[in-house]
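S.K.:
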Amino acid sequence: MLGKAGKLFATVNAGTAKNAKNQQLMQQKLLER
1 MLGKAGKLFA TVNAGTAKNA KNQQLMQQKL LER
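Position one of the sequence shown corresponds to residue 1 (the UniProt record's numbering), numbered consecutively onward.
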């Protein structure tokens, strides 16, 4: 198993992916204006 460090890394990765998706949505909204 990965342990605490692995879990933390996975959580950070998930957060980063979510942020990237939000940034894409923001850019789309700006382009639509």
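Where is the CB? At the ideal position from N, CA and C, for every residue including glycine.
1. Chain D beta carbons: is any one of them nearer than 8 Å to that of L30?
2. Given this structure, state the Cα-to-Cα distance separating M26 from E32, to the nearest angstrom.
3. Out of curiosity, what's the CA-to-CA distance linking M9 and G15?
M.R.: With the structure as the only source:
1. Judged by its chain identifiers, the structure shown contains no chain D, having just a single protein chain.
2. Cα to Cα, M26 sits roughly 10 Å from E32.
3. Here residue 9 turns out to be Phe, not Met, going by the sequence shown. Between F9 and G15, the C-alpha separation is close to 10 Å.
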